[in-house]
Every structure is written in structure tokens, then in C-alpha cells.
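Residues 1299 to 2373 (our numbering) are what the sequence shown spells out, left to right. First the structure, in the form of C-alpha cells, and then the observations on it.
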Amino acid sequence: MMKITADLHIHSRYSRATSPRLTPASLERWARIKGINLLGTGDCTHPRWLAELRESFNDAEEGFYSLKKKARAIFDTGPALEEGLPQPFGTFDEPRFVLTGEISTIYNKDGRTRKIHHLIILPDFKAAASFNAKLEKIGNINSDGRPILGIDSADLLDMLVETDSRSLLIPAHIWTPWFSALGAKSGFDSIEECYGKLSVHIPAIETGLSSNPPMNWALKSLDKYSIISNSDAHSPDKLGREATLLEMDLSYSSFVHALAPGSRNERIRGTIEFFPQEGKYHYDGHRKCNIYLSPDEAVNSSGICPVCGKPLTRGVMGRVLELADWPVDEKQPCPDNAESTNKRPYYSLIPLKEICAEILGTGSASKKVDAAYTRLIQNGGNEFAILMDMSLKDIEKLSAPGISGELLSIAIRHMRSGKVSMSPGYDGEYGVIKVLEGKSRESGGGLFEEMLPAEKMPLMKEKPKARESPKKNNTDTSKAKQKTAVKQLFTPDAVQDEIISYSGKYAVIIAGPGTGKTMLLAARIARLIRDGINPPSILALSFTVKAAAELKERALSLSGIKIDNTDTTATPTISTFHSLCRSILREQNIAAGLSEDFSILGDNERSILLKEICSSAIGKKVQPRRLGTYIEERKRYLLLPDETSFKNIEAQYPEPISELERLYSIYRDKLREKKGIDFDDLVSGTVRLLMLKEKIVNHYRKKFQHIFVDEYQDINFAQYMLVKLLAPAEDENSPPLWVIGDPNQAIYGFRGSDKHFIDRFMDDYPKAHSFSLIRSFRCSEPIIKAASRLAGANLRGVPVDGQGVNLFRAEYPSAASEAEGIARTIAGFLGGASFFAMDSNAAGNANAVNGEGFNISLSDCAVLIRASALAEPIIKALADHGLPYIYEAETPWWEEEPVKTVLDILRENRSSLNSAPSEEIEKACKTISDKNHPDLKELIQLANLFGDIPSLLDSLSSIEAEGMPGVKREGVRIMTIHASKGLEFNQVFLPSLEEGILPFTLYDKDEDIEEERRILYVAMTRAKQGLWLSWAKSRIFQGRTLSGGPSRFLSELEKIIPLAQEQKILKRDSQLRLF
């Protein structure tokens, strides 16, 4: 067994706010200068750093690496000489490296935004590469050495262990207020709460600079974990400011055993610590007010700053006291009988450069300190040897420019005995520890009893009084959480109750944004079920799978039917238009002239077919996109090739174009050859079938006793005819029909939707009653007032009641500056996404931006754009700030591996799929390697939603998959305004509000301006508490430079929405020690 000094948590130059001198060779040299035997590589999740490490290292022992001699020689004869680095001696000459990294996860859990940092350790380069490949599918790992991902901590741990079971995850600096597992601002109350059942895989916790082992001993819940310390260094000279002392063999297996709690042979011998008061979050405080408070003082002030009256940033000591089970004594020595516990000796040190700086009366980064430090290392061997091992007499013999050995010996004696004066750190400001100035405080005991000979041990004086932890609230929080997790039953207001209780046959409900229409529909369906209506006879139609699933879940919940019930004979028929039509065509395939196993062309297959037809066309070339649009329009009006009308139905039929009609006919012939139909055939084919087959239409009229249609303002002619066929007003025996929608949200004219259908509902059904929902439960009053002004509506919003509401207009010079402003604001909402953002104020003042009391997560923020081509600068700005994002235009997860391969197998075996969906998917997974991929679990859940594999395959082949549920990950949502329909977000950003963009008149001056107005209205009403409207003086859009000025719609909002104050980018505080 060897005695190893390990520093496992560091960073590379690819992390934010780090030194460019962080190279493999520089790290190796500084490890020797410090006296470190085992060094983490840091940032092994960054592809370029990982490649550089592989190039720079030789394989040493199992899972350990050493620097190549050539790389060392180049550094020693080049950069080391230029920097004047000392030549250490007397330590392990070839420090070993182990692959490590740090990952930040930001997500929402139990109603709070969580920001947790994790130290990961991987056994070899193969495991690291495999893990990185998985991370790349979740977020951006190229922009920061410490990637920020929008996933749950437990999911990250699961992914790591699944990659290689030898991998380790250790919660990093667990007490830091903003970014840690137990942090006061965004953490949990226990490690188990953070990682769930997977916490059994966690061997240890990391103390962080602002806590030390005795502070962690005060929590019973931490007894099961080993306690380690690391530097979290952002520059080479900060290595070893904290470290862990191990007894182990040189191998990864022995290293893992040493970290495991309760290890006997390979084990942790102790830790090297900062004085915790020097950590920059030790006490409660306000940096801007230049004030800190002890835990007792903070309690007495109710956590409020006595200077500005705002909440203090909670310190580590106060947080420890809040969760402690025993009195907290940060100077408590390690007990003698600690072998069977996680308690180990700890050694509180002051970096040698800081001691030199105090003696010389200058800054630790000065040339005087560098010269003195270099001489001391060259004479003393390495830093830890001087600070820990060397006798005071031998230290007296050391000399350096401006420093006498005698004074250095006194300083180190004071440090070893704990006789130091302290000014504690707070709110991002490091504390100051002095060994020669001010009134020294006596140590609580000999902290170096195992390291120093008896004559060097200080005499133990009066033991300091331990701090009592505040009494814990004994309320069963698990029950409270369960209660909040259960969705509350719907309680309608007076208007909603009137609608739900209405007994009339026909009704049209004009429902403004956020007025609770989905819950109202669900409540009406539940009422029918309770009144004895057979659930399957209730038909509710929506436009996306996601919307239909949400309506079904709520209806089942309100009616008391189990949500996971897959028995279609016990649940209402709630689906999309296309799903209903698909099922009708499957049931009536013979009457429809289709084969029993007809297929539905996916977008890709259809595109290939259109290109094939157009490329073989004689005469003037036709673009496939133009032909596809032409065919779509013809089918929306139920027209086959060479038809100009259908069944004498009056409508504004599109004019036929002879050449396109010919290609349309070829397209239909090709579909018949493939025994398939396309997406548009689903509704148009069903309508033609029902109009031509009276017996079939009567069957479905009897089958469905109650019909509901959601988003009625978005239906097109074919869908309109389908509804009229199923519920004709002139037939007394037809089923009741209720439709719900909002003419002001009709924005799909480009797909053939026509808001006149909802406008004329009372003409179609003269006996119908009209209701209006004008109270929005989503938008705050100022936001709904502004949107109402734009749309000419009369809506009421959520009263402000003291909560902050963000409602601003802003002008920017360019698209890039606009995107940067958005990214900075979002980072401010999160309180910063990184330590650098917090300490440098790169995220702005979070409290100034979002007001006290906000709890905003990544997924609460959305950037809505008029066209996908506007997304690029937004994506870049968010990536530059390390903010995870989800761009809705990205390839759907079911079109990526391994799901794509599984779906291809299922399609090939479609005719023989007879088992349960999960069984069929498991059989298809036998041929792939990554059987536990999270997307496959999502696929099974989705298949269960549809009830069978064929229905799933049909839906994934059609564009209605735009509304399909996705894999759970968090990030700022970037999407088009059209894609945001039906969604809501706490904070909504609407960039690019310029003439030509919105309204979109760049290519068509006759664009429907009123529909463009409705598009902006829809976008504005996605916002709950924050709405940010912005425009750029100039931008490049699809190769054109635009400077059209602000949108004409903004002039209507000037008196309601104020211009935002320009936020100045503050210079980084020179006092901040980021490295």
C-alpha cells in the first residue's frame, strides 16, 4: 500500500473562467510542486480536452495514466522556464492521472429549480468516450468543460453507471448555496432526496471550500458516505488547496475501494482543508452591501440584509445548522475511536503563497511572492512537505527573498495550531485568514496529531462552544410532497360550471387563452360518464397526440377511471382527427378500396416519391415542394385528379392546373402500387367514404353519442365536412356536438385552416348556444391586457397580488446583441448558470430582473420565433452562456438511433405484430446493443398510449407527430410561434418583431395581415408572468440584410408596454478570485 495525496476535482482551460495555462504538462508539473501523487484530469466530458489527454498520456497502471516523457521535456525546457516555475523534489516523481470531470444539472423538481454539480470519475478512455456520446444527445458538451445539462441528477447517475459500472459520481462541494446537492438556494435536504434510489451508488461526498469534515459530521444522513476534499482548481497554482489522503495500491480498482465507505485496507487517511471561514460562502451576507452575519445574527435578522432590506445569500454554516442532527463545531478534532465511521483526521492549511504574501505585505500574485515561493519549493521539496511534514527547526533554516526562516516558522506554527485571525467569506467573497496580524484565535484542538511529532503539537486550551442546530420541523414532509404531487381536482368557476351543466345538444364555446378549456372539456366528459353514458361512445377530437393525451388523462382522472387503463371499452374515445380517420379506414378498408395492411407514407418516403415524379416529368420542371403543396390543397377540398368539385358541395375550390393535375394522377398511381396512402388521405379519404356510404356513416353516428371538437378555429374544409357528417344539424337522431375554440387564435391559414368555420357555427347549428370564457388563469393581468389591446378582445387575467410581472419592449442594434440580451436575462432568472456568472455578474442581477420570490427554471423560459431561420443567433447566445436549450426543429427522437432501428424492424414485421406493445418492442430490441437507452423506455410508454404497435407506427409516419410527447429533459425552449400553440411558459421572449418578419411580408406583400396579428396574439398569450418583446435595427435573414424597423403591431402597444431600461454589462470585479 502507498500513501497517496489526491486532488480529483480540477478543471481544464476548456471550462469557463479558467487559466489558459491548464495543459496536461503544466498540471503534471504543478502536481509535483504541490506534492500531489494522484490528480484528476478534470473536464473529461469535453471532446477536445479528452483527445488532448489521450495524446499526452501513457497508460500506467489499471485506469491510471502518466504524462509522456516527451511532453514533460518540452514543457520543462519551454513554458516552465518562461514562467520561472520551481523544480520540486522529494515526492513521487511521476504523478498519476485519473479521468474526472464536473457536470452541472439544472432542472425543476418538486416545484423548485435545482442546480447541482457532480464530480464524475471514469475508469478509462473507452468509458469516457461512450459516456460523452450519450451526453451529446442530451445537451451541448462542446462549449464548456463543465457542461450544463437539463436533466435530473438521478438520471445523470443512472446514465453514468449504465455506461460503465466502475464509474463513480460524487456530489461536488455539497454545501455551496447555488450549485450543490444540499445548497440552500437550489439543493435538497439530503443526498437521497437528490439522487433517489440510485444514491446507493454514491461512495462519498465532497466538502467544498466553505465546509470542513466536522461540519459534515453533524448530519446523521451523511454518515454512510466517505468524506473527501478537492481543490476545484481553475488554474494550475490552485491545485491542492484541498486534497484527500489515501492509502491504496496504484490501480483504479484499489482507488475505488479506498473511496468506499467503511473500507479497511485501502482507505481514506484524512483530508487537507481550507480553513472553512476562507471559503467564499461560509457566512450569510450581501457582497453589494459589504456585510456578513453569523448564523445567530442571520436568524435574528430573519435572513434579511440590514442595509438594503433584501434576503441575504445563505451561507454554508447557516445551512449546515439548519439540517444538523447534532451541535456543529467546525474545530472538533477527529475522535480516537473513529475507525468504524466516516470520520478521519483533517488538516487545515493556508496556501504557502498566501503565507508569503502576508509576510511580505503584498498580494499573493505579486512577483515578490513568486520569487519567494520558487526559492522555498526549490529548498523545501514541495508545498505539502513544507506546510505539513517539515519540522519547525528545519523551516527556520529555509530562506527566501524578503522572508526569514524564523518568521516563516512562526507563521506555519500558528497555522498548524489554528492560531489564526479570520474574516469569514460570504456571498461569493473569499474570507481572509491571517497568521501574523490581528488577534489570533486559539485552536479547538490539535488538528495535526497524526502528522506532527509530539513536540510540535499545540497545547489544547479551552474547547470552543459548539453551535446548536435549530430544532427541525418534525412535520412529515414526504406526505406533504405527495400531496402536492397529486393533481388537484378541477373546481370550476361560475361560468365554467354553467357550461359543464348545460344540457343543450349543440354548443360553441369561445375560449380565450388560458381560460381552462381543456379542464372544462375534461369535466364535461367526466360528467357524462358519471351520468351513465358509455365511455367509448364519447368522441373528443384534437389536433395533436400530446393535446389528446392531456385531455384524456384529465378526463379519466376526473371521472375516477385509472389513467393507465388501456381497455378501450372502458375509456372515452379521445384522439386526433387523423387517428380517428385512420381507425375508420382500418375498420372499413374493403369499402374504402384499401388493402388490409395498407401503409401510411412518412414525410421522408413522400418526399422521395415527389422528387421521383418531378424528375421524370416532361416539359417544364416542377419543384417537388410545389407539387406536394398542390396535392395537399386538392385533398383538403376532397378532390381527386381532374375533379373540380365534390358531390355538388358549395366551396371555394382551388383552380386546377393541368400539368400538376397530371402529376397528381401519377402520384396516386404510385401510392396504389405501394398499397399505401399519405397523411392527407386519412381525413379526405374518410370523408369521401362516409359521404358515399350511408350505411357506414350511420354506423359511426350511432357509435358516437356525444362529440366534442377542440381548437375548432383551426379546422380545414375536410375536417369541417367530417364533423358535419358525424353530427348533421338536420338529423334529429344525430349525436350532440360541442365545439370549443378562439377565433383570435386561428393561425394555420397556410395549412388550409379557416376561422370562418367557427364564425359560422351558429348558422350551421341554429339551435346551438354560445358561451364565452374571458377569464385567463394563465396570463397575469398586465400581459392579457396588452394582448387584448392587440386582438380587440376583452379578457381578464390573473391579478398581480404583489408578484413581479415582467412586461417590456426593447430595441437592439443587431440580431446578435438581441440574442445576447435574451440569454443574459434568462441566466439572471436562474441566478446564473455557473459560478462565473454569479461572481462576475455576467448574468446580471437576478433579483433585479425577476423580483424576489420567483422560482424560474430553464423549462419556464421560451423564445418564440416567427420562422426557424431566426433561431441561429438565439442558439449561439444560449450556448455561449452554457444554458441548456431544446430547439423544437431538431430531428425528433424517434428518428434517431437506437429507436429508428427498432421502428424499422417493427415496420418490417407489421403484419405479425400480435403481442403487447412492450413485448413487441423488447423483441425488436434483441438486435441492438443499447437495449437500456432511455428513448426506448419512452417508446414503450408511447406505444402503451396508443394501445398497439400499428397505431404507433401510423402516428409516427405522419406529421401529427409534431405534437408527440418527447424524452424528459429540460432546457430553454426555442420554437416557432406556431409550434407553441397550446403551450404556456412563465417567461416568454419574442425577438425579431420587425416589419417584414412579423408581419411576414418579405415574399408576399399581400400576406394576411390579420392572421399575422393573431400570430403575435398567440405568442403573447403563451406568457404567464413575463413577456419580453424585442426587435433589432438590422439583421441578416436568409442572406438578406433587413432594417425594416419595429413591427407595426408594436405601435399599438407603446402605451401599455414600457421600453426596458438598458442593462449595462458590468466589468468583472478585480477583487474576484476566479482561479
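Where is the CB? At the ideal position from N, CA and C, for every residue including glycine. Fair warning: this is a prediction, and the values are worked out from it, not measured in the lab.
Query, Result
"Cβ neighbour criterion (16 or more within 10 Å) applied to Gln2323", "buried"
"Residues sharing a beta bridge with Asn2104, DSSP", "Gly2324"
"Alpha-carbon spacing of Thr2299 relative to Glu2293, whole angstroms", "8 Å"
"Segment contact, 8 Å Cβ cut-off, at least three pairs: the region 1519-1527 with the region 1499-1507", "yes"
"Secondary structure of Ile2355, DSSP reduced to three states", "coil"
"Gly1802 to Trp2036 span [Cα, whole Å]", "9 Å"
"Proximity winner among His1555, Phe2283, Val1396, His1307, relative to Glu1545 (alpha-carbon distances)", "His1555"
"Close-in-space but distant-in-sequence residues of the same chain around Ser1527 (CB under 7 Å, 5 per side omitted)", "Glu1504, Thr1505, Glu1540, Ala1541, Thr1542, Thr1569, Ile1570, Glu1571"
"DSSP state of Ala2089 mapped onto helix, strand, coil", "helix"
"Nonlocal neighbours in the same chain, by C-beta distance under 7 Å from Ser1662, ignoring five residues either side", "Lys1651, Glu1652, Ala1655"
"Coil, strand or helix - Val2265 by DSSP", "Legend: pLDDT at Val2265 = 46, less than 50; position of this residue unreliable, value from coordinates given subsequently. Here Val2265 sits in coil by DSSP."
"For Lys1432, three-class secondary structure by DSSP", "helix"
"Extent of the continuous beta strand (DSSP E) to which Ile1808 belongs", "1804-1809"
"Which listed residue (Ser1533, Pro1445, Tyr1928, Asn1902) has its alpha carbon closest to that of His1344", "Pro1445"
"Alpha-carbon to alpha-carbon, Glu1400 and Leu1320", "16 Å"
"Three-way DSSP call (helix, strand, coil) for Met1688 in this model", "coil"
"Which of helix, strand or coil DSSP assigns to Leu1839", "strand"
"Delimiting residues of the beta strand (DSSP E) encompassing Thr1874", "1871-1874"
"Cβ-based burial, Gln1794 [other Cβ within 10 Å; buried from 16]", "buried"
"Closest residue to Val2270 among Leu1674, Tyr1579, Ile1731, Thr2123 (Cα-Cα distance)", "Thr2123"
"Beta-carbon separation (whole angstroms), Glu1326 vs Pro1393, contact threshold 8 Å", "6 Å"
"Where Cys1603 falls: helix, strand or coil (DSSP)", "coil"
"Coil, strand or helix - His1416 by DSSP", "strand"
"Cβ separation of Arg2267 and Ile2184, assumed to be a contact under 8 Å, to the nearest whole Å", "7 Å"
"Span separating the alpha-carbon of Val1459 from that of Ser1451", "12 Å"
"Option nearest Gly1814 by Cα separation, candidates Arg2094, Leu2234, Ile1414, Leu1365", "Arg2094"
"Proximal residues to Leu1591 (C-beta, below 6 Å), its chain only, five neighbours per side dropped", "Asp1582"
"Selection from Ile1472, Ile2355, Ala2025 that minimises the alpha carbon distance to Pro2080", "Ile2355"
"Exposure label - Met1513; buried when at least 16 CB within 10 Å", "buried"
"Rounded C-alpha distance that separates Asp1530 from Glu1576", "15 Å"
"Classification of Lys1536 by the beta-carbon crowding that lies within 10 angstroms, buried from 16 upward", "buried"
"Backbone secondary structure at Ile1827 - three-state DSSP", "helix"
"Proximal residues to Lys2229 (C-beta, below 6 Å), its chain only, five neighbours per side dropped", "Cys2223"
"Cα-Cα separation, Arg1370 to Asn2207", "59 Å"
"Whole beta strand (DSSP E) elements within the region 1628-1684, 3-residue minimum", "1644-1646"
"Identified DSSP bridge partners for Asp1582", "Leu1591"
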